[in-house]
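In the numbering used here, the protein residues as written are 2 to 191. Just so it is clear, CB atoms sit at the ideal spot from N, CA and C, and this is done for glycine as well. Beneath this line is the structure, given in structure tokens, with notes to follow.
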Ligand code: PRP
């Protein structure tokens, strides 16, 4: 199967396109302007922290639109679900390799906020490491799923409680390379 056929096959697994590539482009540009406005008068170093894996395409597009000096770091974190013994904690499998956070503005970039646990705990942790400021930017937000009190500083789009894939978001590690955000057909995962 060639590449084009693969992409077509993936698209057919969507029941609806939530954000087209053009809409994502407009959203990312709007977010970049808002972020520039926030940091334009800061004389501190701005570090974008990309949370792997899902936010990779969004962060790549966002950083190219930011007319600000910025540095790039990566983290990989996952939250333990509610109901487990360690509920409310996060597991860090890739951490920042720097301890100079006191003079730094951190901008944490995510693809989606769901229960809110990951960013709630991660922002607490980064503040405890004495970062000068910690803000968050997410492409997607599902406020109807929230389990903790968390509101992102920059949000691309609020979406309903659907199983979304594409533009970094996966089902069983697939579909991350779709150029749009779609709703997965229930028969694929049920
Ligand atoms: C997703 C997403 C956030 C988190 C949001 O990551 O990228 O990190 O879940 O969920 P929460 O608000 O309920 O904490 P995931 O664990 O699917 O990893 P991935 O990005 O590597 O796919």
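Closer than 7 Å: residue 166 CB and nearest ligand 1 heavy atom: no
The region 70 to 77 / the region 17 to 26 touching (three or more Cβ pairs under 8 Å): no
Residue 70 versus 53, 37, 61, residue with shortest Cα-Cα distance: 37
Distance CB(residue 165)-CB(residue 182) smaller than 8 Å: yes
Assigned secondary structure, residue 181 (DSSP; H/G/I helix, E/B strand, else coil): coil
Contact the region 92 to 107 vs the region 55 to 70: 3+ CB pairs below 8 Å: no
With 16 other Cβ atoms within 10 Å as the buried cut-off, status of residue 137: buried
Contained alpha helix (DSSP H) runs [length at least 4] in the region 102 to 141, N- to C-terminal order: 118 to 129
Environment of residue 152 [buried if 16+ CB atoms lie within 10 Å]: exposed
Complete runs of the beta strand (DSSP E) confined to the region 14 to 94 [at least 3 residues]: 15 to 20, 46 to 53, 72 to 80
Among 20, 120, 172, the one whose alpha carbon lies nearest that of residue 51: 120
Continuous beta strand (DSSP E) stretch holding residue 155: start and end: 155 to 159
Outcome for residue 80 when other beta-carbon atoms lying within 10 angstroms are tallied against a minimum of 16: buried
Burial state of residue 106, where buried means 16 or more other Cβ atoms lie within 10 Å: buried
Exposed unless 16 or more other CB atoms sit within 10 angstroms - verdict on residue 111: buried
Beta-carbon contacts of residue 127 that lie in its chain and below 6 Å, excluding the five residues immediately before and after: 107, 135
Contacts around residue 90, its chain only, beta-carbon distance under 6 Å, and the 5 residues preceding and following it disregarded: 81
Coil, strand or helix - residue 168 by DSSP: coil
Residues of its chain near residue 33, where Cβ-Cβ distance is below 7 Å and the 5 sequence neighbours each way are ignored: 63, 66, 67
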